Amino acid sequence: MATIYLDHSATTPVDPEVLDAMLPYYRGQYGNASSIHQAGRAARQAIDEAREQVAIAIGAAPEEIYFVSGGTEADNLALRGYVEQSGNTRNGSHIITSKIEHHAVLHTAAKLARQGKPVTYCGVDGDGVIDLGELADGIRDDTVLISVMLANNEVGTIEPLREIREIIGDRRIALHTDAVQALGEMDINVDELGVDMMSLSAHKVYGPKGIGALYVRKGTRFSAQIVGGGHERNKRAGTENVPGIAGFGKACELILRDGCENRARVAALRDRLVAGILERVEDAHYNGHPENRIPKNASLCFRGCEGEALLLHLDFMGICASSGSACTSQSLEPSHVLAAMGVPIEIAHGVLRLTLGKDSTQQEIDTAIDAVAEVVAKIRRISAAIEI
Amino acid sequence: MTGAPWVCGSGEPRARARSGLVIGMYSEKVMKHFADPQNVGVIEDPDGVGQVGNPTCGDIMRMFIKVAGDRVSDIKFQTFGCGAAIATSSVCTEMAKGKTLDECMEITRDMVADELDGLPKQKLHCSNLAADALHAAIEDYRGKADPDSN
Numbered sequence: 016m017a018t019i020y021l022d023h024s025a026t027t028p029v030d031p032e033v034l035d036a037m038l039p040y041y042r043g044q045y046g047n048a049s050s051i052h053q054a055g056r057a058a059r060q061a062i063d064e065a066r067e068q069v070a071i072a073i074g075a076a077p078e079e080i081y082f083v084s085g086g087t088e089a090d091n092l093a094l095r096g097y098v099e100q101s102g103n104t105r106n107g108s109h110i111i112t113s114k115i116e117h118h119a120v121l122h123t124a125a126k127l128a129r130q131g132k133p134v135t136y137c138g139v140d141g142d143g144v145i146d147l148g149e150l151a152d153g154i155r156d157d158t159v160l161i162s163v164m165l166a167n168n169e170v171g172t173i174e175p176l177r178e179i180r181e182i183i184g185d186r187r188i189a190l191h192t193d194a195v196q197a198l199g200e201m202d203i204n205v206d207e208l209g210v211d212m213m214s215l216s217a218h219k220v221y222g223p224k225g226i227g228a229l230y231v232r233k234g235t236r237f238s239a240q241i242v243g244g245g246h247e248r249n250k251r252a253g254t255e256n257v258p259g260i261a262g263f264g265k266a267c268e269l270i271l272r273d274g275c276e277n278r279a280r281v282a283a284l285r286d287r288l289v290a291g292i293l294e295r296v297e298d299a300h301y302n303g304h305p306e307n308r309i310p311k312n313a314s315l316c317f318r319g320c321e322g323e324a325l326l327l328h329l330d331f332m333g334i335c336a337s338s339g340s341a342c343t344s345q346s347l348e349p350s351h352v353l354a355a356m357g358v359p360i361e362i363a364h365g366v367l368r369l370t371l372g373k374d375s376t377q378q379e380i381d382t383a384i385d386a387v388a389e390v391v392a393k394i395r396r397i398s399a400a401i402e403i
Numbered sequence: 007m008t009g010a011p012w013v014c015g016s017g018e019p020r021a022r023a024r025s026g027l028v029i030g031m032y033s034e035k036v037m038k039h040f041a042d043p044q045n046v047g048v049i050e051d052p053d054g055v056g057q058v059g060n061p062t063c064g065d066i067m068r069m070f071i072k073v074a075g076d077r078v079s080d081i082k083f084q085t086f087g088c089g090a091a092i093a094t095s096s097v098c099t100e101m102a103k104g105k106t107l108d109e110c111m112e113i114t115r116d117m118v119a120d121e122l123d124g125l126p127k128q129k130l131h132c133s134n135l136a137a138d139a140l141h142a143a144i145e146d147y148r149g150k151a152d153p154d155s156n
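Sequences listed follow chains F and A, in order.
According to our numbering, the residues represented by the first sequence are 16 to 403, in order.
According to our numbering, the residues represented by the second sequence are 7 to 156, in order.
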């Protein structure tokens, strides 16, 4: 049975061109980029080129890109690195973030809170858009950093980073954004957005797992968290993952080359998928902002269904998706994103996240519509007499 | 050269790595009961009905029984919940059908889990709910059958 992969927000397949760009650095060109000899110099050149490609993808300068092991590390480095450095020069270490951030930001913020740095978590509206009024009110004299994701991973809503920059005004507050889900899904320009730091991840954009980047605007100071070598201009020690970096660079190049066209096609397919499901299935709700959302995301809630049961049945039919329901999480906690959006918990249990990719086809979408309708009906037959 | 630092060991791992993934840890029996649950439905004129769980926890089970003599002659269930919830409900109804009410009251969560060849630790509460729903249905029947008994 053919697999229909609709979980591109979890990860993406490595593009064949990306793999081709990586292989030389696993084969003949395996040098350590720090080595003086020719083998090392070849690796160093690959890193320099990739750094440029990543920078271009977000409108930054190459020296503003720091390679790390992934989006999670980028988030850790941004928050911990900036707060640690600002502690040296300012009185204050208050952070403002949103309630719907990825755990990589939330858990890092919580860890800082346990270390005595105050954190304020801003609410969102029913579409998942951050409450700008609450954010503005939350700014204090000791606020040093605001971190709000550019696009939410669960429901796809795009956050108003530009407006947050305007609210900050002239205050000395750094603005970080977790753009892991946004890269490749919208045009990104760090100057237009007004951000000082940005987290990026390769495996969400048809690159390899294990590599990401943190953009840090020139003049924004932060402390290295992983030390032990001068790599990444003393900001992130460790022998560079040259094949991974080369892959990430190529993935960014492909975004610039094909991104526009891919996004338009994916958005149309996603809209077809959602319209098809809403037409066939009663008591279904489309989560997130109806327009300001990334093209790939179709997050829906189905009354009377539970997320894990939905995923298992879809898996039987070859369809790969994810949920975010309590039963699918290791912690058995329901989605903090849906909770912040005010979705009642009994509805939040029935969340299904379908995320499309650049290679998703209309046939796959039409098959998925039928499958979702069938699976929801099957599960509802088992739960019909239960009042939710 | 035995004892030299570079001489290899036995090569056997001390323990196998376990990913801890819930779905990967569901037994074949759980998946079978989930994919093809037994006794799904409603009894129109039940002798006893029991419902346990709540929307907050995300698992709700409702069991309907018909009693003949002192045995469960028919049983049906409705469940809102995950793979384990549906599987434990299904297997519990199979375990109960045809048994005496006393035998049913002795069905425990461990027996339900064992019948499914085990459940991941964080899913054991589902087997608890299934046994509780069955007991609740029987208590409902006994309460109605002898309203003075309590």
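Glycine included, every Cβ here is placed at the ideal spot set by N, Cα and C.
The structure displayed is predicted, hence computed values, not measured ones.
Pick from Arg42(F), Ala65(F), Glu64(F) that is closest to Ala54(F), judged by C-alpha positions: Arg42(F)
Name the residue from Ala341(F), Glu323(F), Ser344(F) whose alpha carbon lies nearest to the alpha carbon of Cys335(F). Glu323(F)
Rounded straight-line distance, which links the Cα of Cys316(F) to that of Asp146(A): Cα to Cα, Asp146(A) sits roughly 34 Å from Cys316(F).
Is Gln57(A) helix, strand or coil by DSSP? strand
Within the 8 Å Cβ cut-off, does Gly416(F) reach chain A? The requested residue 416(F) does not occur in the structure, where chain F is confined to residues 16 to 403.
So Gln44(A) contacts chain F; which residues on that side make the cut at Cβ distance below 9 Å? Result: empty, since nearest Cβ-Cβ is about 11 Å, beyond 9 Å.
Pull out every residue of the stretch 94-111 of chain A whose Cβ sits closer than 7 Å to any Cβ of chain F, in chain order. none
Meets three-Cβ-pair contact criterion under 8 Å: the stretch 119-136 of chain A and the stretch 63-80 of chain A: yes
Do His328(F) and Lys393(F) have their beta-carbon atoms positioned less than 8 Å apart in this structure? At the C-beta level, Lys393(F) and His328(F) come within 8 Å of one another.
Three or more beta-carbon pairs under 8 Å between the stretch 96-111 of chain F and the stretch 142-162 of chain F, yes or no? yes
Residues bridged to Lys82(A) by DSSP? Phe70(A)
Between the C-alpha atoms of Ala354(F) and Lys250(F), what's the straight-line distance to the nearest angstrom? Ala354(F) and Lys250(F) have their C-alpha atoms some 36 Å from each other.
Out of Cys267(F), Glu321(F), Ile309(F), which has the shortest C-alpha to C-alpha gap to Glu174(F)? Ile309(F)
Closer than 8 Å, CB to CB, is Asp138(A) near chain F or not? Chain F, which has no Cβ nearer than 8 Å to the Cβ of Asp138(A), makes this no.
Contact set between Thr200(A) and chain F, taken where Cβ atoms lie within less than 8 Å: Past the edges of chain A, shown from 7 to 156, lies residue 200(A), and the structure says nothing about it.
At the level of alpha carbons, what is the spacing between Phe83(A) and Asp146(F)? Their backbone Cα atoms lie some 44 Å apart in a straight line.
Using the Cα positions of Ile360(F) and Gly319(F), report the straight-line distance between them to the nearest angstrom. 12 Å
Between Gly234(F) and Val36(A), what straight-line distance do the alpha-carbon atoms span, to the nearest angstrom? 57 Å
Cβ atoms of Tyr221(F) and Ile29(F): under 8 Å apart, would you say? Residue identity differs from the one stated: residue 29(F) is Val in this sequence, not Ile. Yes, these two residues count as a Cβ contact at 8 Å.
For Glu207(F), count neighbouring C-beta atoms within 10 Å of its own C-beta (all shown protein chains included) and say buried if the count is 16 or more, exposed if not. exposed
Integer-rounded CB distance, given that Arg295(F) should sit under 8 Å from Ile384(F): 6 Å
Reference Cys110(A); option with closest CA among His39(A), Leu140(A), Lys38(A), Glu34(A): Leu140(A)
Selection from Asp193(F), Lys224(F), Gly209(F) that minimises the alpha carbon distance to Ala266(F): Lys224(F)
Expected contact under 8 Å - CB spacing of Thr106(A) and Asn45(A) to nearest Å: In fact, because the Cβ distance is near 18 Å, the residues do not count as touching under 8 Å.
Exposure label - Val13(A); buried when at least 16 CB within 10 Å: exposed
Other residues of its chain near Glu116(F): CB distance less than 6 Å, five sequence neighbours each side excluded: Excluding sequence neighbours, Glu116(F) sits near Met164.
Check the Cβ-Cβ distances between Ile19(F) and every residue of chain A, and say whether any is below 8 Å. no
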